[in-house]
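The next block holds one structure in the form of structure tokens; read it before the comments.
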Amino acid sequence: MRLRSIVASAAGAVAIIAMAPAALGATAADRQVAARATAWLTQQDVAAMPAGQQADIITSRRLTGASPAALRPALKTLGRTAAAYATTPGAMAKVVIAQRAAGMSGALGGRNYLERLQRSTREGRFGRTAFDQCLSMVALRVAGRPIPPAAVTALTGSRSDSGWSFSLTSSQPPDVDSTSMAVVALRAARVPASDPAIRDALTWLESQRANAGWTLFSGGAPSTDSTALVARAQVAAGVSADVGLTFIRRLAEPSGAIANTRTAPESRLLATIASVPPLTGISLANGFKAG
Numbered sequence: 003m004r005l006r007s008i009v010a011s012a013a014g015a016v017a018i019i020a021m022a023p024a025a026l027g028a029t030a031a032d033r034q035v036a037a038r039a040t041a042w043l044t045q046q047d048v049a050a051m052p053a054g055q056q057a058d059i060i061t062s063r064r065l066t067g068a069s070p071a072a073l074r075p076a077l078k079t080l081g082r083t084a085a086a087y088a089t090t091p092g093a094m095a096k097v098v099i100a101q102r103a104a105g106m107s108g109a110l111g112g113r114n115y116l117e118r119l120q121r122s123t124r125e126g127r128f129g130r131t132a133f134d135q136c137l138s139m140v141a142l143r144v145a146g147r148p149i150p151p152a153a154v155t156a157l158t159g160s161r162s163d164s165g166w167s168f169s170l171t172s173s174q175p176p177d178v179d180s181t182s183m184a185v186v187a188l189r190a191a192r193v194p195a196s197d198p199a200i201r202d203a204l205t206w207l208e209s210q211r212a213n214a215g216w217t218l219f220s221g222g223a224p225s226t227d228s229t230a231l232v233a234r235a236q237v238a239a240g241v242s243a244d245v246g247l248t249f250i251r252r253l254a255e256p257s258g259a260i261a262n263t264r265t266a267p268e269s270r271l272l273a274t275i276a277s278v279p280p281l282t283g284i285s286l287a288n289g290f291k292a293g
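Each number in my numbering corresponds to the 1-based position in the sequence shown with 2 added.
Next comes the structure, spelled out in structure tokens:
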């Protein structure tokens, strides 16, 4: 019975996403992989997962064609666990994005995470890390709220000659993940893809590619996690993400799950969650819109 349920869910998800408008940088094959990946995610014990992963799966389901109304039960479950999780701007941002995926705003479980997120900024900085800053800027875009110009200034001012570090300090070496997130955040703030900060970041990211994929720092084995973040940056900037999407497709398993590296599957859950957005070709820098 469980196998038939998984197959039926995957088939239904593929049908839904096949009817969605074509999205930037994603082929029909990419979108089918995304649909199967999301079907696999929904077959896991989502309610027992940490709140951040619950939020990501809600977002993945919306990106692959689920209606906002269909996501309300999952959002209600998230509302029971979000308070203990969403104590930093980046975590608040994930919850806000999940709320908007389900077509809801205002309080969730008695807390208004968007208002809390907006109050958390200090001179354009959200929290202490690239995760906090970049996800916060994207969440504001998704929620239809203005991104403070000071946030753009703070982000661009923390760039080294090549890219961004996790601590958003130019004295630290840049890494692939933080640089990719920064590109998406700047695009969410309507910074043109032709801006030198974005153009130089994309050039640096391309210089870090090895064996058709990317890893956090050069020298490691390419991973789905980092490759998916680079693909997100490329989709947000309107440039080809074919190399990264091909890498991800090749690590997709018959179940729908996506392995993290060629030699070590590691966390299929995290790798699969990371892969869905770029496979759909939809960038959250544009909200929940194709292109």
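Heads up, the beta-carbon is just placed ideally off N, CA and C, and yes, glycines get one too.
Given a cut-off of 8 Å, decide if residue j and residue i are closer than it, judged by their beta-carbon atoms.
i      : j      : result
Ala184 : Trp206 : no
Ala28  : Ile60  : no
Ser220 : Gln210 : yes
Ala39  : Ala214 : no
Leu247 : Asp58  : no
By Cβ distance below 6 Å, which residues in the same chain neighbour residue i in space, the five residues on each side in sequence not counted?
i      : result
Ser257 : Trp42
Leu218 : Asp177, Val178, Asp179, Ser228
Lys291 : none
Asn288 : none
Ala88  : Met94, Val97, Tyr115
Ala190 : Met139, Val140, Arg143, Ala287
Thr83  : Ala53
Measuring only the C-alpha atoms, how far is residue i from residue j?
i      : j      : result
Ser107 : Tyr115 : 9 Å
Thr155 : Ala238 : 19 Å
Gly295 : Ala36  : Residue 295 lies beyond the range of the chain shown here (3 to 293); nothing can be said about it.
Leu286 : Ala100 : 11 Å
Gly92  : Pro52  : 14 Å
Thr274 : Ala230 : 9 Å
Arg64  : Ala212 : 32 Å
Pro194 : Gln174 : 26 Å
Ala152 : Thr265 : 43 Å
Alpha helix (DSSP H) containing residue i: first to last residue?
i      : result
Gln101 : 91 to 103
Arg211 : It is not in any alpha helix (DSSP H) - Arg211 carries neither H nor E in the DSSP assignment.
Trp42  : 30 to 44
Gln174 : Run containing Gln174: none; DSSP gives neither H nor E here.
I'd like the list of long-range same chain contacts for residue i, defined as Cβ closer than 7 Å, with 5 residues on each side in sequence excluded.
i      : result
Cys136 : Met183, Ala184, Val186, Ala187
Gly222 : none
Leu170 : Thr131, Ala132, Gln135, Ser160
Might you give, ordered along the chain, the residues of its own chain that have their beta carbon closer than 8 Å to the beta carbon of residue i, omitting 5 neighbours on each side?
i      : result
Pro148 : Leu142
(message) Could you check whether the stretch 78 to 89 touches the stretch 120 to 128, counting it as contact only if at least three pairs of C-beta atoms, one from each stretch, sit closer than 8 Å?
(response) no
(request) Could you tell me whether the stretch 269 to 283 touches the stretch 167 to 182, where touching means 3 or more Cβ pairs closer than 8 Å? (result) no
(message) Any contact between the stretch 247 to 261 and the stretch 93 to 110? By contact I mean 3 or more CB pairs, one from each, below 8 Å.
(response) no
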